[in-house]
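K.L.:
Quick note on my numbering: the sequence shown kicks off at 1 and runs consecutively. Every residue, glycine too, gets a C-beta built ideally from N, C-alpha and C. Bear in mind that the values here come from a model prediction, so they are computed numbers and not experimental data. Please see the structure below; I have some questions.
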Amino acid sequence: MSNRLRRTLVAAARGAASVCGLVVFWMVLGTSPAGIVPWAVGFAALFAAITWYTWWFYGDSPKALALRAKAEAKEFRTLGR
């Protein structure tokens, strides 16, 4: 499994688990479904955007490669000292 696919699946699973956990928590508190749905859809959209960004960041576009190289150089500088 490629690094890009693995990280994207992890981001998607983390988002799904977070949304499910929030919905269960709100249901335990007794919140009505009409109050849960807008928030759940909003958080699902947020995590879908995070998953898309993860897929893009680990892709092969020149902008993504430059951004990743910059992040790796910064990490090397901070850990290399």
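Quick one: what's got a C-beta closer than 8 Å to F47's C-beta in the same chain, skipping five residues either side?
P.N.:
Locating residue 47 in the sequence shown gives position 47, where the first residue counts as 1. A11, A12, R14, G15, A16, S18 and V19, listed in sequence order.
K.L.:
Could you pull out every residue in the same chain whose Cβ sits closer than 8 Å to the Cβ of Y58, ignoring the five residues on either side in sequence?
P.N.:
In the sequence shown, residue 58 corresponds to position 58, counting from 1. N3, R4, R7, T8, A64 and R68.
K.L.:
Mind listing, in chain order, the continuous alpha helix (DSSP H) runs of no fewer than 4 residues lying wholly within the segment 23-70?
P.N.:
Within the segment 23-70, the complete alpha helix (DSSP H) runs of at least 4 residues are 33-57.
K.L.:
Quick one: what's got a C-beta closer than 6 Å to W26's C-beta in the same chain, skipping five residues either side?
P.N.:
Taking the sequence shown and counting its residues from 1, one reaches residue 26 at position 26. Within the same chain, W26 has close Cβ partners I36.
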